[in-house]
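Comments concern the structure below.
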Amino acid sequence: MLSFFFDRRSIRPLGLFAVLLATGLVLAPSSAEAQKQPGVQGPFALTNAQIIQTPTDTIDTGTIVIRDETIAAVGPNVTPPDDARVLDADGRTVYPGLIDSGTQLGLQEVGSLSETIDHNEIGDLTSNMEALTAVNPNSVSIPVTRVHGITTVLTEPTEGLLPGVAALVSLHGYTPQQMHEGGVELTKLDYPSTGRYGPSDDRSPQAIEKETKKALDKLNEVWDKAERYAQIDSAVAAEPEDRRRPKYLPSMQALIPVVRGERPLLIEANTASDISSALDWAEERGVIDQVILSGALEGWRIADEIAAADVPVLVGPIMQPPSRDSDRYDKAYRNPALLHEAGVTVALRTNNVENVRNLPFHAGFAASHGLGKTEALRAVTTTPAEIFGVSDRIGTIEEGKRANLFVTDGDAFQPATDVEHLFIDGYKVPLESRHSKLFEEFLNRTPGLEK
Amino acid sequence: MTALSPFRLTACLLLASLLARPGVAQDRLRADAPNDWLIQDATVLTVTNGTIENGDILVRDGDIAEIGQDLSAPGGVQTYDASGEFVMPGIIDAHQHFGISDVNEATNPVTAEVGVGDVLDPYDVSLYRGLAGGVTAAHVMHGSANPIGGRNETIKLRYGATNPDALKIEAAPRTVKLALGENPTRVHGEGRDIQPSTRMGVEQVIRDALTEARRYQEAKDAYQNGERDRPPEHSERLEVLAGVLSGDIIPHVHSYRADELMMLMNVLEDFGVQDVVFQHVNEGFKVAPELAEFGDDGAGASVFSDWWAYKFEVYYSTAYNAAILTENDVLTSLNSDIPGEQRDMYLQAAKTKRYGDLTDTEALKLITINPARQLGIADRTGSIEEGKDADLAIFSEHPLSVYTKPQRTYVDGVVRFDHEDDPDDMRLRVDPEGTVDLARDGAYGRTDANSCLHGAFLQATESGVTLEDADQWNH
């Protein structure tokens, strides 16, 4: 088992060799049949590291002890336990694992092949669909993502008015249940949009208005029904003997926790007027305290209104063009900063699948476009942990938290930086993916030109 | 961009001239903007001749006149204090679809007779957004619906010029689009029930067309030599393909899989074609030695930094593609393909430092001198050298830092982007068809964009074929 401790096929043979020498480990034969290399548990001690405990709290030189799935100790004067495998991280920086607040990771393998896509169930009203069910723990995109230090993602169903239930997942594990982080589930509402889908959307403004109104009427009709369904459910529960159970409606049943205020409501809206309308709607329906806004491409236009509504926002993707030809080229990059300045709580998302790995670069762009490095780091660590209600478990490097962290040779948002070690739920996860394996095989291909 | 018919485009131009407020319009058109500059005290990343600290660049009449230190400004030359900033050659995007009103003539497997140079749209604000990312030149390409598509156009981002022809780099060699794999087989085989529906069919469509072109040229030659009474009937399609055979028109080939790269190299070899640039070429890394060995100078490869898994033929990809190709001596560039993605090519280049540890210079070459060589414009642009066009991008920090921001972009010595003079609305006209400035919904994905396969949907619909979600298969 010790052999799995290090990334045996690291693309930095010299560095690996040095680490192996330092720890007295030897290479084991490779097991080429394995679909992916498994992670291994500690205890581990990362010593002499610069430790970014929280975005505003850094230990210049310290030690982290990882035991089982948690951080057992962290501090400048922590002594590595005798049974720990020691990793000297001198000159290296340790970051808390990054969190992407909106993806379809695990739910899609190949973008053009519907057989491999599981986030878009048929129907407008599919609130009973659970993303967690369809998360493929062996998706090729998962290792590709986590080698950039991304340890946790929100993965979401798409399409329809109420597409289903999003789940927070940890990017290590062999079953969806093992990956489910903190049991976090959010019901998603794709708020009726007055925006265009893209360049090929040539509907007239009147047609768009008509369709939006129809969708909004439908939403209100559904919500009336959901409220009534929940009332009946409560009444039946109170007097099970005397009342007849209503007809089972799975989509309504799935909305009960939201109607009762027990589950967050993730509302995706992007056009300014849609965001505004969504906030009004949530206020009227009495769910505003549960709302988490997602997307919010034009959030900057009504930042004060969002701040006044006191709803957190999962912004992104950051690296995209502005929503209108008449907007400045960098409005999407500046959106997180403008929202933050107005007092809105901001986390970042990529809204991607195979390139969720670019989250650090989205954060870097947000940082340079007004958000600043500290706030940008918050937006991919502590803030999403707080928004999803798991700040007692993830988001920082503190004693008792889950050991989700990674070691770098520099600023985690810089493309030139390399991630050297990665831990998820206390497992040391190999830094390999399809991309790195193909690199190793083909950099100096054998046979070359002549066979 | 909404597609504009020539008539409608003319109407737009007319309307723009009527509505434009002279003061504002003048500024954005940059009609009288100076092209004599002294850029001072910058870190100059020449790309081909190392880095000059505290370097000056003297620009005269739009050309780089002198590079050095402590140069002085002759009379009438404006100065720009670039201390603390970085100057690199203007970025060249080897594959884009902005600045044109049509992308795909998806009505026939072979449409070499058309060219996107005929539908240039100088009003596309995407051009400005490219400038705002340090891009000064681009290869605007026909789409990938057909095994042999139309001619492409190599342009400079002279946003402000209202004559479409003013964008063209007249001296650039002509190029034509070819496309292999899933896009042409889907559009024609699956969508129209004609060949090609397989990669075998793609090869034969291309061989047939080139054979016909060879016979056409032979007939023309025979007529000129007096061996034939009449010339062959003129065919613009075959004229273009004959240009490919003679080496005057360089094929730029949309391609992904290793086997189809080998196929096309074999075809070109059989027809004596020496120059080719493969586009996207996600599996180029698998046959890098063969690419390097092709023809006299090797085949070129213009790749994405990290796009993959959006369809099956890019599932077995690696973001280390550019590094593997570079290390195997394949002339390699990066491109952004999709309007909207042209703004951050310096970041895409920086990713090659993570994916394969390329040096700063190697990374910068991918978006400067290498695409210039692939497009045959390296004698004029792509590096900071005396005598070349003053196409320059100035950044606040090293351009390979995620925290850098473009400050100024010069095209032929004219400042066409300046972060200090950058109002929100940089449109040159308002589309009368789009009087309501509706927002694009933010569910942004590459699938929304106006890329390689855009237009195939509409064209195919008109011919009675439905291609649902054609936008989905876009590159």
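Chains A and B, in that order, give the protein sequences.
Sequential numbering of the first sequence, starting at 2, is according to our numbering.
Sequential numbering of the second sequence, starting at 6, is according to our numbering.
We treat Cβ as the ideally placed atom computed from N, Cα and C, and that holds for glycine.
Here the structure is a predicted model, which is why all the values come from computation and not from measurement.
For the pair of segments examined, the region 319-338 of chain A was found to touch the region 288-300 of chain A: the number of CB pairs separated by less than 8 angstroms reaches three. Separation of the CB atoms of Leu267(A) and Lys189(A) is rounded to 5 angstroms, and the pair is thereby assigned contact status at 8 angstroms. In the DSSP assignment, Ile374(B) falls within the alpha helix (DSSP H) that extends over 374-380. The beta carbon of Arg435(A) falls within 8 angstroms of a beta carbon belonging to chain B, placing the residue at that interface. In the structure shown, the three-state DSSP call for Val124(B) is helix.
The C-beta distance from Leu444(A) to Glu332(B) rounds to 6 angstroms, short enough to fall under 8 angstroms. Taking a Cβ-Cβ cut-off of 9 angstroms, the neighbours of Met320(A) in chain B comprise Glu346, Arg348, Asp349, Leu352, given in sequence order. By a beta-carbon distance limit of 8 angstroms, Val319(B) does not contact Asn340(B). Their separation comes to about 15 angstroms. Around the beta carbon of Tyr249(A), fewer than 16 other beta carbons lie within 10 angstroms, which makes this residue exposed. The three-state reading of DSSP puts Gln178(A) in helix, counting H, G and I together. When beta bridges are read from the DSSP output, Tyr428(A) appears opposite Gln42(A), Ile425(A).
In the structure shown, Thr84(B) falls within a strand segment according to DSSP collapsed to helix, strand and coil. For the 8 angstroms CB-CB criterion, Leu340(A) and Ala364(A) do not form a contact. Judged by DSSP in its simplified three-state form, Val407(B) adopts coil rather than helix or strand. Burial of Lys316(B) is indicated by the presence of at least 16 other C-beta atoms within 10 angstroms of its C-beta. A contact between stretches requires three or more CB pairs, one per stretch, nearer than 8 angstroms, and the region 398-408 of chain A fails this requirement with the region 193-202 of chain A. Put simply, the backbone Cα of Asp430(B) is about 22 angstroms away from that of Asp275(A). When the alpha-carbon of Gly139(B) is set against those of Ile62(B), Arg348(B), Ala171(B), Val292(B), the nearest one is in Arg348(B). At a cut-off of 8 angstroms, the C-beta of Val292(A) has no neighbouring C-beta in chain B. Nearest neighbour of Val288(A) by Cα position, chosen from Val312(A), Ser295(A), Glu242(A), Asn271(A), turns out to be Val312(A). If you check the CB distance, Gly107(A) and Thr156(A) come in under 8 angstroms. Per DSSP, the unbroken beta strand (DSSP E) holding Pro256(B) starts and ends at 254-260. When the alpha-carbon of Asp417(B) is set against those of Arg33(B), His285(B), Gly392(B), His403(B), the nearest one is in Gly392(B).
Distance from the CA atom of Gln291(A) to the CA atom of Ala227(A), rounded to whole angstroms, is 16 angstroms. As computed with DSSP, Glu285(A) is found in no beta bridge at all. In this model, Lys214(A) and Thr190(B) are separated by some 40 angstroms (Cα to Cα).
At least one CB of chain A lies nearer than 8 angstroms to the CB of Thr323(B).
With a threshold of 16 other beta carbon atoms within 10 Å, Arg204(A) falls short and is exposed. The beta carbon of Phe407(A) does not come within 8 angstroms of any beta carbon belonging to chain B, so the residue lies off that interface.
A direct Cα-Cα distance of roughly 25 angstroms separates Val66(A) from Asp101(A). For Tyr192(A), there are no C-beta contacts with chain B under 8 angstroms, since the nearest C-beta of that chain is about 10 angstroms from it.
Under a criterion of Cβ atoms nearer than 7 angstroms, the residues of chain A adjacent to Pro294(B) are, in order, Arg446, Gly449, Leu450. Not flagged as an interface residue toward chain B: Val347(A), since no C-beta distance is shorter than 8 angstroms. Taken in chain order, the complete beta strand (DSSP E) segments of 3 residues or longer contained in the region 309-347 of chain A are 314-316.
Apart from the 5 residues on each side of it in sequence, Glu390(B) sits with its Cβ closer than 8 angstroms to the Cβ of Thr51, Thr53, Asn54, Ile69, Ile72 in its chain, given in chain order. By the rule that beta-carbons nearer than 8 angstroms mark a contact, Asp328(A) touches chain B.
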